[in-house]
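Working notes for the structure below.
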Amino acid sequence: MQERILLLTHGGWGSALLRGVEMVIGKMDFVDEIALGPQDTFSEFENKVEAWVTGKGQDGENQIHITIFTDMFGGTPTNAAIFVARRHPGLVSVITGVNAPVLLEACSQVTFCGGLDIRQLLKNSEHSIFDAMEKIHKEGVQ
């Protein structure tokens, strides 16, 4: 199954996040971003997402899965992603709260394992945010 990733973020910070991930593991041609701008209405943004999903979700004989990563639950990017995903059951998954470690793991899974295991990604992401000072003190790092 071919995996595509779509980043939906406020103001386009997803593209900067992607550039950072690409510095670590190289170009990710299966990842795109649609940035929500201050001029975008909900309907306009949702239509952009729908057009992208419809265009990328059809690849002839290849089976496709799309994972949409959004920046925060309750925001326009997540809400638009949910509306679109409901129209495409089985084709689209929506994960909210994207950060660099989560995107790095997702891209690594697709690149090195050939697919995205969302359950494993979510399990591993539990460790993607923590108090760094507390961690180094507990582990005795100087």
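This note's numbering numbers the first residue of the sequence shown as 4 and each following residue consecutively.
Positions of the beta carbon are idealized from the N, C-alpha and C atoms, including for glycine.
Where does Ser3 sit, in a helix, a strand or coil, going by DSSP?
-> There is no way to answer for residue 3, as the model of the chain reaches only from 4 to 145.
DSSP beta-bridge partners for Leu124?
-> None; Leu124 has no bridge partner.
First and last residue of the uninterrupted alpha helix (DSSP H) at Thr73 | Not the alpha helix (DSSP H): Thr73 falls in the beta strand (DSSP E), residues Ile67 to Thr73.
How long is the line joining the alpha carbons of His91 and Met136, rounded to whole angstroms?
-> Distance between the alpha carbons of His91 and Met136 is about 43 Å.
Pick helix, strand or coil for Gln5, following the three-state DSSP scheme.
-> Correct three-state label for Gln5: strand.
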